[in-house]
Every structure is written in structure tokens, then in C-alpha cells.
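Protein chains in written order, with the numbering used here: chain A, 15 to 403; chain B, 469 to 1011; chain C, 108 to 409.
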């Protein structure tokens, strides 16, 4: 049977360059599409905040107090800003990796699992390799990256060998990863804390200070973990590769149109597989940074939704690396603000609610605009179809 | 079975089942149907013969409610009707068997056939109805079979039953045998014969196959360039005459009239002056093709290429072709005879079950993506939107699509260099693209095509494949394309021009080959070109 | 020995029921072509809705209705965003999961409630059958809805016109569109029904089994449901088998230590996902996913 490739994707993946508006005729600035877009975003986000405020008010809370607390906890002071940045780092790395995969046209949603596996591998190296020291730290980070890469490699393998949908396999592997972690934590040979007998789930030992990612600065002054530097470096690196190198361009072609990609010599297996593995590696690295930079020990619920949130960052920023940075900051701020919320007696879950509403608010405007564009295109196509016959 | 609103008055057997009078349809500047008078009688199989673009599809669309005529009338059994939409056409009893099947694979036949209906599903009744219709025409259709498991012939039979179940008065088939084996075709015509004989229905058969028309139909209407040029009973006709009517004598100035031996050819004229400019009265002087040196080396050699599609259909059937450097080989044929597969093969998108391809004497590994491109084969594909360019990427990016490395240093794409190169190509090829960073989508169709052309030519290919290069382009763009192709040939590129437009091939090609059912059925030089012969070959008759 | 088996079977039934309720819904949604990952949100909302409803209205039965309504709401929101606005369905699904967890946790702390539990219904005679009698015929009464729901869903999907159109929408949306079927509307309907059934499943968990609502009560069951649909090859029989196997494995996991056996608990917990993966890998020919699963539909797009 000869190979004939499937038709290219009907809709361009989110974040495609522009919408073909090209040169604008001069008009009032308040009727221009760009302004309308910004207005739509502002209104959406306001509605998101508004709904959260309503929720708080309805349950006898004080919206102003809540939002102030969140603000305090995230950006008001230098200390909290540092905390925000620490949260931002893994999100940014995961998002950067995800963007690469989406550009290739594949949809890996298993970052949560890849992150977990990465953290596990890093923990293993950090705890078991003696003597501790900066070299071990680096090894741990590399091990974590490799772990995440291999976990995503399974997804790629299943796709190109057996045709298993990337979405499905990456999703299922998240939960397998969770159980692997749980197993490792209950087994002394792997990660279980020393000194606790019995088969109950525990955490791992604490990492020795020699394998912890150093912090720059000191709380409560401005401080952040070196993980952030790594994150920015990775984001810049991947962003540059994706948008500036020949490899990145060819990847983009694969994402838009696999048929054309094959014509110009881009192998879906090679490029697509590499993209998936890279996103796994990023998630693994993020997990390692979380371990060595903040948590210092690994627990059963270690990943704490950072994988999911990183994915959301990528999707909300519509796969643009530059936009991912402020979005990751925002998500990080929300997480940090949530920690502060406890002190006001408001459950931290509110933060998740606000975050979810904001994501929906961010997704609404482009969806609405796409709908309008599509309706316009349909009427144009009806005319064109008539002409073609 | 709901009959819908049919003309209720007693049917006069004198009135034709379906009649069109002065039916005209214009799409912008194109006159798709020009005052067509068609008359299809009850109890007959009526063929509509014509090349691509002759207007057959538009005519059928008007009968099926997919297009409104600009002027003219349609009569059903002598009564004037207005067909506003497909539902109305269906209720009037006009049904079409689709060329590209609309069946849903994993579902069984009976579920597919009840799909368009409303109301409760009654499996038993549907299955009984299917079996009834199938047995009435001795059609072997199993209502419980899953569509995915059926062969193409069987699927078509399902489509026919689907149609028959609506109890149509007029039954339209569009190139039905293009996907069938010889035996299945014979079977199909037996069924059609039964349909018209037993129940006095009418069948319209759209075809380009001359032997089919001659042997299986009662009357034939021949369309050419939007007009109905002849209507005859087929029993008196010969293949040659059909071909002649289909291609026509009153061709445009662009046609190389020497090919038909009509115009005087000056004895001193050498092969240089075979362009229309030289001898056509009042014609514009155009660049002429020098013609290749007598026996230049073979640039592209395809041997015994055989390929099957995903559904098992034979796409290429032992196709063998050679193109020499500096010549334009025009591959003529009616759409759907393997041109797309050939284009895909030469784009490294299709792999062969057997056979080989050599470029410049070196074998090409078809399994590697991009191997053709690397071997020096440039392709302007048939469907540029799907496989020629990436509409969502910028103009500049599309121009550099095949070779980003050429505007990169150390792996990094130099955006400025890319823009510069792009600007150069834009000027060289007269592309109207004010913003090189704008998405390709924003350009007109003609300019998009020029972008593809520019990209392929700029890489100095050894072989250039142009598949339907002027499809959907205006006159100026068409001329430009022709000019560039001739230039390419002159500079030593081997050009393979795949086109369904015979005029285009006769205008540009040095040699002509005809493709039919996935293989080459004949070759000749332009000087030997005989329209009748070509027409017959396109119609499937070896000549 | 028999008693042990009965106990384990009963436990398996109790664990299977919520999965099967939600599974029926997800089955419908996926046959229509939506890979719905907000099942978790639907179930959790249903669980919370059930608890709150039973508390507010002092009736467990009405609580069930509230639970169904909560799941329905999630389904409606998902449908509107995904198949009307064409927003990325995974973003919406994920977000709904976060939202549901956040809102239910938040409200759990803020609002006091005393949920009720539905009563146990024992069918006389049938429940006396040895070994399987009690597990199958002596359960909380909503359990028995399953006996009717499974054939009903089968009939709707396989025999009704609506079901036929849903299946076509999931296999070949273009053909469906050409026939005049409204593709996105069917997908929205599929999601809404999924919400309804998953909400019922969640409500069964809180109002039926446990009797109260705990934080993150569903604990990922929504994803197990997805695994069950995949494992079952998008057939109803497979789904039921999958749910029962997964429920059974969970029951075993809980029961085995007491009985003296030790099997790696993590392996058992991970088994649904592993089984689904293995099924996808090696039975690809028989497990046909709806051809258009996960692909958004826009009429006229390429």
C-alpha cells in the first residue's frame, strides 16, 4: 500500500500568524479591529474577576479584602514577588515545551505526568548519588530532563509505531506516572524516607542543602531561585529555535500542512517525535527545578497541577513564546497570592476559581473572533464555490 | 415512498422527460453555460460528452438545484419547473449518483441509506426496501454489510440503490465508470438499461469515454466551451466523429493550428516559428519555443509505476514516461485518470508499490520525504492550496519554503536576507505582493500561483512539473505562466506539463502524451498531433 | 470464602456504579466526536450538587436531581465554548475541572450542609441468589437505574435517528453536514447528555454511597471513565466490561490486604490506564475510535 498523506489540517493551530488583514485602511481608531479585540479582552477579564467577586460576596466574604490579599501575596512586596517568580519558572518551561509541540501539530497534554517523572528521576539522583555537591545537582537536573523526555518518548513511540492518538496516550500516562511516584515513595530502595517503617505513603528525604538550587537574595527582600534563570534561558532558547532557526520554520510547516512538509523533506516522525520529546524534557526539567529549588523533597502530590497549568499558559498565550512569559507570570502570581489568602481566612481554592475564570475569559475573545471570521469566510466561499463550478 | 410534488397531469409520451431551453449561467466573466438546449427523452440513456470546463457540471448543478440559471427554462415532462434548491430537485424526481461517494464507512449500508430521512428508524423496513430495490434491478447489495468492507464497485452500487430508492424520474451519473473495472462497468450499464427500459425513466450519463458513449447510450449531446454543439443518436456515430465534435475546429487563436494541419506552413519556416504569433492573422507576437535539440538527454524517467490508494484503488497502472532536457512534454487527459497521483509521486508524497523513478540517470529513493525535491524536481502542484503552499505563512516564507537554509547562516534564518531574496523573486516574477510578511492568503489566486512558480523555478530544477498550472487564473496570468514555462524549457529544464486543457498543451508542448486510467496510452510530437487521435486516446481508445 | 467473594463483589458494584453512569455519558459524547475531559468536573459537580440538594431540600432523591442539574450545567458550558465558539475543547475541559474543584472546595468550607443518603433497595427473591444475589440486587436504589439506562443508551445510540446522526457526526462530519445534519449542535447535545449522566454518577457517589461530600470526592474517577471508554473500544459492551473491571480491581485492591494477599497497590490503581493503553496499542484494528474524535468541525474548512 502506497503512502498517501492525509489532507492538511483544516484550521490553523491557535496562534497562527495574523488573520490576513494585511494593510488597514485608515479609519477611526476606536472602530479598528485591534481596538475591538483589546476591548473584548478587557471586558472578558473584567467579567472573570467580577464573577469571582460575586462568589466571594455571596458567601459572606469581602471581595476587596480577598483581592487585596492576593495582590499582597503576589506582587506587593519584594518577598512575595520572589515567590511569584519561583512559581513562574516551572510554568514557563512547561509552556515553552508545549509551544514547540503545538507548532508541530501535535497535542501533548501529559505534562503533569512528565513533570512527575522528571522530578522522580531528579530526586533519585539527588538523594542517592554521593557525595552531594553542585555536580550532583546538575546531574539531577539532567536526569530529570531525561526522565521527562523518555516519558514523552513513550507517547511519540506509540503514535508513530501504533498510531495511538497523542492526546489519549499522554493523558493516560499522567496517571501511570502518579502511581509510579507513589510506588517509589513506598519503597526504601527508591525514594522512601528513611526511618519510617511500614507501607504507608510518605515523602522522600529532604534534599541536602548541597543539591538545592541556590537562591539569589534573601527573603523578605527580593529573592528568587536560580530556577528562574534556567526557565528564562530555556524559554528564550526554545522560543528562538522555534521562531528563528530553519528547524523551527520547517517545524511550523509540519504543523500547518503535513503534505507540504513531506514535499520539502520534513519527516513527520523525526520532527514530530522530536517536538514531543522536547516538551517532555521541558516538563521533566520543570519538575526537577521545583524539587531542587522550592520543595526539596518529593511528595505524592508533588506536581501540584503545575503541569496542567503550564499547558494552560501555553494555550492561553496562543502558542506565542513572547506572550507566554507574562502569562506565566500571571499564573505564578495567582498561585503565590493564593498562599497568602489563607491568612485572611479565605480558602485557597478561590485562587483556582479565579484562575479558571481568567482562562475562560482569555479564551473567549479569540474564539468569538474566529467564529465571526469563519462566518464571513463561509459567505465568501459560497460565492467562490458557485464560481468554480 | 414519498413522491413529492411531481407534475400531476397525464404524461404525454411525446414530451421529453427533462428539457432545458436556452439555459444560460454566468460566473463572473466566465460563461459556463451558453444558451444550452438539452432534451432527454423517457426510456433513454442520454450521454453528455465534453472536456473539462465544457459546462457539463454547471448544467447538472442547475438541474439539481445547486445553481440558479441566469436565463432559460427547465421543463419536466413538458411542464416548466423552477428548481430552487436540492430538496426541490429531489422532490421533482431528479437524482444524482455522486462520483465521490458520500457514504459513512463504519456504518452498515442500511444505516447509510436511511441517513437523509426523518422520523423513526425502522431497520426492518429499510432493509426490506433495500432488498426490494436491489432485486428489482438484480443489483447485488447486502443491506447489512459495512461500507468499509465493500469494494469501490459495490459502494457505487449502494449509491445507485440510494438513488433508486428515491424513485427518481431522471437519474444522473457523473463519470461513474472512472472508478470501476471493465466488468463492473458492464454490470452498471446493464442496470441502467433495465432502469430506463422497465420503468421509462431517463438516465443522463456524463462521460468522456468514447466507447462507453458509443455502446451504452442511445443519444449523445456534446458540449464544448459552454455550448451544446451537437445532439445525435449514437447509433450513427463513430469514435472519430465524437472526438472531433468534442475538441472542435473553431479553436481560439492560441491554438497551434498547424497541429491540425489547417494553416499554411511556410516552407522556409523552421521549428522556431510554430508559435501562434507567427502565422495567426492579427495575433500578438509571442515568444516561441525553440524546441529541444533533437535527442537531448533524458532528465526524468518513470518506469512501470504502479500505486494503489488507501481504498485499494489503482492510482497508477504501470505508468512509464520519459521527459528530456529542454522539452515540454504535455500530458493530456481527462481529470481523474491518474494525474494527481503522478503529481504526488513527483512530490515525494506518494510511494510506489512497484516501479522506479530516475532523475538525471540516478534512482530516487521514494521513501524519503523530500527526495524528489533534493534530486532536482520542482513541482507546481494541482491543488496549490492543499499541497503547494502554506496559506497561513507569509509570502516571504512561502517563497523560501523549500530551502530555508539558503537564507540562513549557522542554522538561524536571517529574516532580512529572506525578505531580500523574496523581494528579488517578487520583482522577477511580477508578483503583486505589497507586504512580504503578510500571510499568503491575502494574495490573489494568480499571485499565489506565481509564488509557487517562483519558488520552484528559483531553485534551478532539472525537472519542472506543472500540474494544471493555469487552473483558475485569468488570461494575463495564463499567458505569463506559459511564457515562464517556455523560458524554463529553453534554459534546459525538462518540463512536464500536466493539464486537462488541450489548448494549453497544444500551445506549449513539444511532445504530447495522453494518460488514461493511470497509464500512458499514446505519445506523439506536436507536429504529429492529431486532435482526433488525442481525443480518442483521452476517451480511452487506443489510436 | 463465598462470603468474601460476595463482599468483594458488592464492593465492586458500588465502585463500578458511578463509573458506569458517567461512562454512559462519555460514551455518547465520544461517539459524537468530542474527547471530553471535563467528565471529572461533571462528576464532582454532580457529587456536590447531590449533597447540597439533599441537604437543602431534606430529601436524598431531590439531591440526586440537583446533582444531575449540576452536571448538566457543566455540560452546557462546555458545549457552548467548545462547539459553538470553537474554543479549544481541551482548554475548556481542563479549566472546568479546575473550576469545579475550586468551587466545590470553596463552597464546602463556606456553606454548611447535612446531606442525606438514599436508602437501600433490596429486591426480594433475586437478592437471595447465592454469591451474586446481594451485590446485584441489594444496593442503594439509584443503582438499579443502571439496569434500565444501559439498554436505553444502547437503543438511543444504535437504533434511534438521533443516535444514528450522532454516530455519523463522530465518524464523518463532512458527510453528515452534507446530509443536512447539524454537526456542532449534535456534539453540544452529546456533551449535555454526558453532563447529565456524569452528574448522576457523581451524585450517586455522594448521596448514594458515601452519604456526604468530601473534598475532591471523585479523585480522578472522571479520567478512569475516559480510560474505560477507550478500553472498551467505544462500544457499550466494552464500556460496561471496562467499568466493571476497573471497579473490580479497585475493590480487590481494598479487600486483598485484609485477606492476606499483597499485590502492589499502585499497579492496581494504575491498571485502568495501563489496560486502556495496552488495548489501544495492540487491538488497534478492533478498537476503532470514532474517526473524527477530537477534531473540531467547521463547515467548509478545507
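Idealized CB from N, CA, C, for every residue including glycine.
- Residue 248 (chain A) sits away from residue 326 (chain A), with the two beta carbons spaced by 8 Å or more.
- Under the three-state reduction of DSSP, residue 559 (chain B) is assigned to helix.
- The beta carbon of residue 345 (chain C) lies closer than 6 Å to those of 339 in the same chain, with the five residues before and after it left out.
- In the three-state reduction of the DSSP assignment, residue 547 (chain B) falls in the strand class.
- Membership of residue 1001 (chain B) in the alpha helix (DSSP H) is indicated by the continuous run 999 to 1006.
- With a threshold of 8 Å between beta carbons, residue 217 (chain A) makes no contact with chain C.
- Around the beta carbon of residue 134 (chain C), a 10 Å sphere encloses 16 or more other beta carbons of the protein chains shown; the residue is thus reported as buried.
- One thing to note: residue 934 (chain B) has its Cβ within 8 Å of the Cβ of residue 953 (chain B).
- Taking 8 Å as the CB threshold, residue 881 (chain B) lines the interface with chain A.
- The shortest C-alpha to C-alpha distance from residue 276 (chain A) to any of B:841, B:517, B:552, B:770 is the one to B:841.
- In this structure, DSSP gives residue 639 (chain B) an extended state, which the three-state scheme calls strand.
- Here the alpha carbons of residue 511 (chain B) and residue 533 (chain B) stand approximately 23 Å from one another.
- Burial of residue 331 (chain A) is indicated by the presence of at least 16 other C-beta atoms within 10 angstroms of its C-beta.
- Cβ-Cβ distances below 7 Å link residue 715 (chain B) to 970, 999, 1003 in the same chain, with the five nearest sequence neighbours on each side left out; the list follows chain order.
- Taking 8 Å as the CB threshold, residue 691 (chain B) stays off the interface with chain A.
- For the set B:895, B:865, B:652, B:900, the Cα lying nearest the Cα of residue 883 (chain B) is the one of B:865.
- As summarised for the region 228 to 293 of chain C, the continuous alpha helix (DSSP H) elements at least 4 residues long and confined to that stretch are 240 to 244, 252 to 266, 268 to 278, 280 to 285, given in chain order.
- With respect to chain B, the C-beta atom of residue 46 (chain A) has no partner C-beta closer than 8 Å.
- A Cβ-Cβ separation of about 5 Å places residue 576 (chain B) in contact with residue 614 (chain B) under the 8 Å criterion.
- In terms of CA proximity to residue 968 (chain B), B:850 leads the group B:850, B:651, B:777.
- Per DSSP, the unbroken beta strand (DSSP E) holding residue 514 (chain B) starts and ends at 513 to 517.
- Sequence-distant Cβ neighbours of residue 822 (chain B) in its own chain, meaning closer than 6 Å and more than five residues away, are 774.
- Under a criterion of Cβ atoms nearer than 7 Å, the residues of chain B adjacent to residue 279 (chain A) are, in order, 837, 838, 841, 842.
- With a cut-off of 8 Å on Cβ pairs, the region 921 to 928 of chain B is in contact with the region 861 to 876 of chain B, counting three or more such pairs.
- Under the Cβ criterion of 8 Å, residue 381 (chain C) is counted among the residues facing chain A.
- Here DSSP, grouped into helix, strand and coil, assigns residue 524 (chain B) to helix.
- For residue 162 (chain C) and residue 321 (chain C), the gap between their C-alpha atoms comes out near 14 Å.
- Nearest to residue 122 (chain A) by C-alpha distance, out of A:334, A:170, A:217, A:93, is A:170.
- Secondary structure note for residue 148 (chain A): it is in no beta strand (DSSP E), and the uninterrupted alpha helix (DSSP H) holding it is 148 to 176.
- Excluding residues up to 5 positions away in sequence, 792, 793, 794 lie with their Cβ nearer than 6 Å to the Cβ of residue 764 (chain B) in the same chain.
- Only residues of its own chain outside the window of five on either side were considered, and among them 162 have a CB closer than 6 Å to the CB of residue 221 (chain C), listed in chain order.
- Pairing residue 188 (chain A) with residue 111 (chain A) gives a Cβ-Cβ distance that is not under 8 Å.
- Of all alpha-carbon atoms in B:838, B:836, B:829, B:695, the one lying nearest the alpha-carbon of residue 527 (chain B) is that of B:695.
- DSSP places residue 608 (chain B) in the coil class of the three-state scheme, outside both helix and strand.
- The Cβ atoms of residue 314 (chain A) and residue 201 (chain A) do not sit closer than 8 Å to each other.
- By the Cβ rule, the region 349 to 363 of chain C does not count as touching the region 162 to 178 of chain C, because fewer than three pairs are nearer than 8 Å.
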